[in-house]
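Here's the structure we're looking at; comments come further down.
Protein chains: 2
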Amino acid sequence: MGTRLDMGRIRAARAVIDPVFLDSPLYRCDALWDKLGCAVSVKLETANPVRSFKGRGAELVASRLAADGGTAMVCASAGNLGQALAWSGRRRGLDVTVVARRGAPAVKLERIRAFGADLELVDGDFEVARAAAARLAREREVRLVEDSLDIETCEGAATIGLELAGSVSGGDAVLIALGGGAMATGVGHVVKTLAPGVEVICVQPLGAPAMTLSWRARRVVTTDTMDTIADGVAGRFPIPEVLDDLLQVADDAVLVREESIVAGMRMLLEDAGLVAEPSAALGVAAVLEDPGRFAGRHVVTIVCGSNTSIS
Amino acid sequence: MGTRLDMGRIRAARAVIDPVFLDSPLYRCDALWDKLGCAVSVKLETANPVRSFKGRGAELVASRLAADGGTAMVCASAGNLGQALAWSGRRRGLDVTVVARRGAPAVKLERIRAFGADLELVDGDFEVARAAAARLAREREVRLVEDSLDIETCEGAATIGLELAGSVSGGDAVLIALGGGAMATGVGHVVKTLAPGVEVICVQPLGAPAMTLSWRARRVVTTDTMDTIADGVAGRFPIPEVLDDLLQVADDAVLVREESIVAGMRMLLEDAGLVAEPSAALGVAAVLEDPGRFAGRHVVTIVCGSNTSIS
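Chain order of the listed sequences is B and H. Sequential numbering from 1 applies to the first sequence in UniProt numbering. Sequential numbering from 1 applies to the second sequence in UniProt numbering.
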């Protein structure tokens, strides 16, 4: 497969990542099966200290930086990468600065601070935070961590693929939230390598469709604005290298409506007993919008984060 | 240790139990640390097909019954054991009948039926269901599964202890919901064997205190009534053999108020992103009621079930 990912490096990553993030639960959720008309397995990435899958990649970033003698890093984050880097950096004595938008969910900003990172808030959307983080890293001459572009973030996510590849087979579908693309390319690469008959379907909100439009056009398509509750996957400027990888591994990329995302969150909470942030409900939303496509099949959905307010 | 439990049998149980129930997440939850004033690790027993720890013991019961040529079993259940036996029995072609009280949480009764078990409802509390199940098993001449008395139910729970014993050390406390006693005696036996300096604290609702009163009196004490939202641990007639074991392994048994249980559930949901049924919040409730006892220490709480309605 002609992506930037490599199975040997992905397998080796398991030895570097703190075990608290590995081998997350994977199980059939019969209550969702009854509601959705297809067998649904949940890969639960929220039962760890940072409540999202980002710990896997953050561990790789932080351990390599520390091994190289680095002392500080800066990232832009919708909230979950920032928490994860703060957690992984603190354990290794690294200074972590997270640039986030002022409107990010309070629960995410609070946890970034609580994990000991410096938090810089900017007005505007995630792309403004990305630009500000790049400037800050340049000024300070420290490592800029770029989600989805930096290969460690993709390799970390790809370890999820190792854990689920044994449980899927031809005809099954894996539904992956699509934002910057680290999870989709990482998991997609492993699934397509180990279980090529499995359909890899990326799911993005209609309100933040840049990567999906790019995948369909086979070239980078940007959008001027975005509007979605799925803050964790909201971006406007796809990264060309990540798009190239996504074109190799994704069978489809679909867009879902906001009301489907909300319905998916509610179904995960009420029927599966799982707190899911909006991005983590994209897979269920995709089934809700196109039940005929999945009827009678087995789908795996990655519940990738739970950093949301319940009240 | 003079209990009915045996470390060799508990270790061997891991080979029998479906892996989907084993090696459940165990992690520090810093958001609870901030709120409770002590380091809190969560052992999460809800991320599996039956959403409670009861799958471990049910797997042992069902696999041994099937191996012995049995075809049917009957149990009384507050709801979680019934779901678990239904799940484990269905996979082995066993007929499962669950006797439950009509007032049990609807989500539990629905799932018992959905897993294919026959559900018999009785008026009254859990002790009425227990008596009815015993009658039914006698009439049908089939296996009666008695939670906490049948050693498989204790051994199943005890495998949780194997998974957490390596993460606790002298001065730490393990907080265990106390109902019939399977979890408290099973986990307690393993913890006291492998990490004797760890305090084993059982937690029960003030509204259903029979086992705690019995532990304190060192003899069976029954109650005439009970009243608690923690339906999963509500019983009035402690089993003598289980009490004998509990007296060997528990350092303390504490009673908590209903409002503390509700506050614990809310804290787990809002601060930890975890759906916990009332029984699963007893550990947090115990810390809330006596913060000084735990200040600065490390406590492990087993979030033992999530079968509750969120709405």
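By construction, the Cβ of each residue, glycine as well, lies at the ideal position given by its N, Cα and C atoms. Predicted model, so just to flag it, every value in this text is computed and none were measured.
Whole-angstrom distance between residue j and residue i, CA atom to CA atom
i	j	result
H/Gly283	H/Gly207	16 Å
B/Ala253	B/Lys35	23 Å
B/Ala15	H/Val74	46 Å
H/Gly37	H/Asp30	10 Å
B/Leu175	B/Arg219	22 Å
H/Asp125	H/Ala217	24 Å
H/Arg236	H/Arg113	26 Å
B/Trp87	H/Thr46	25 Å
B/Val168	H/Glu199	42 Å
H/Gly55	H/Gln83	8 Å
H/Ala184	H/Leu246	7 Å
B/Glu127	B/Ala182	16 Å
H/Asp271	H/Ala173	21 Å
B/Ser214	B/Ala39	30 Å
H/Asp224	H/Gly264	27 Å
B/Met7	H/Gly70	47 Å
H/Gly170	B/Pro105	39 Å
H/Asp23	B/Val50	19 Å
B/Ala134	B/Glu120	13 Å
Cross-chain neighbours of residue i in chain H, by beta carbon under 8 Å
i	result
B/Ser306	Gly273
B/Pro205	Going along chain H, no residue has its Cβ under 8 Å from B/Pro205, so there is no contact; the nearest lies around 21 Å.
Beta carbon proximity, residue i to chain B, threshold 8 Å
i	result
H/Pro105	no
H/Asn80	no
H/Arg51	yes
H/Ala114	yes
H/Asp23	yes
H/Val300	no
Three-way DSSP call (helix, strand, coil) for residue i in this model
i	result
H/Arg236	coil
B/Asp118	strand
H/Ser77	coil
H/Thr153	helix
B/Asp95	strand
B/Arg297	coil
H/Ser52	strand
B/Gly305	strand
H/Asp30	helix
H/Arg113	helix
B/Glu139	helix
H/Ser214	helix
H/Pro291	helix
Beta-carbon proximity of residue i to residue j, cut-off 8 Å
i	j	result
H/Asn48	H/Gly305	no
B/Val99	B/Ala72	no
H/Glu59	H/Gly166	no
B/Lys108	B/Asn307	yes
B/Thr212	B/Ala13	no
B/Glu141	B/Arg64	no
B/Ala230	B/Val221	no
B/Ser52	B/Val300	no
H/Leu5	H/Gly186	yes
B/Gly103	B/Val96	no
H/Thr3	H/Val203	no
B/Gly188	B/Val233	no
B/Leu94	B/Ala137	no
H/Thr228	H/Glu277	no
H/Leu85	H/Val145	yes
H/Ile310	B/Leu269	yes
B/Ile17	B/Ser148	no
B/Leu32	B/Glu163	no
B/Ala117	B/Ala76	no
Test: residue i CB closer than 8 Å to a CB of chain H
i	result
B/Pro278	no
B/Leu36	no
B/Thr46	yes
B/Val99	no
B/Pro196	no
B/Val20	yes
Interface flag, residue i vs chain C, CB-CB below 8 Å
i	result
B/Asp30	Looking for chain C here will not work: the only protein chains present are B and H.
Amino acids of chain H, ordered along the chain, whose beta-carbon sits closer than 7 Å to that of residue i
i	result
B/Ile310	Leu269, Glu270
Chain H residues whose Cβ lies nearer than 9 Å to that of residue i
i	result
B/Arg91	Under the 9 Å cutoff, chain H gives no residues; its nearest Cβ is about 11 Å from B/Arg91.
B/Arg111	Asp30, Ala31
B/Pro209	Those do not exist, as B/Pro209 stays about 28 Å from chain H at its closest Cβ, beyond 9 Å.
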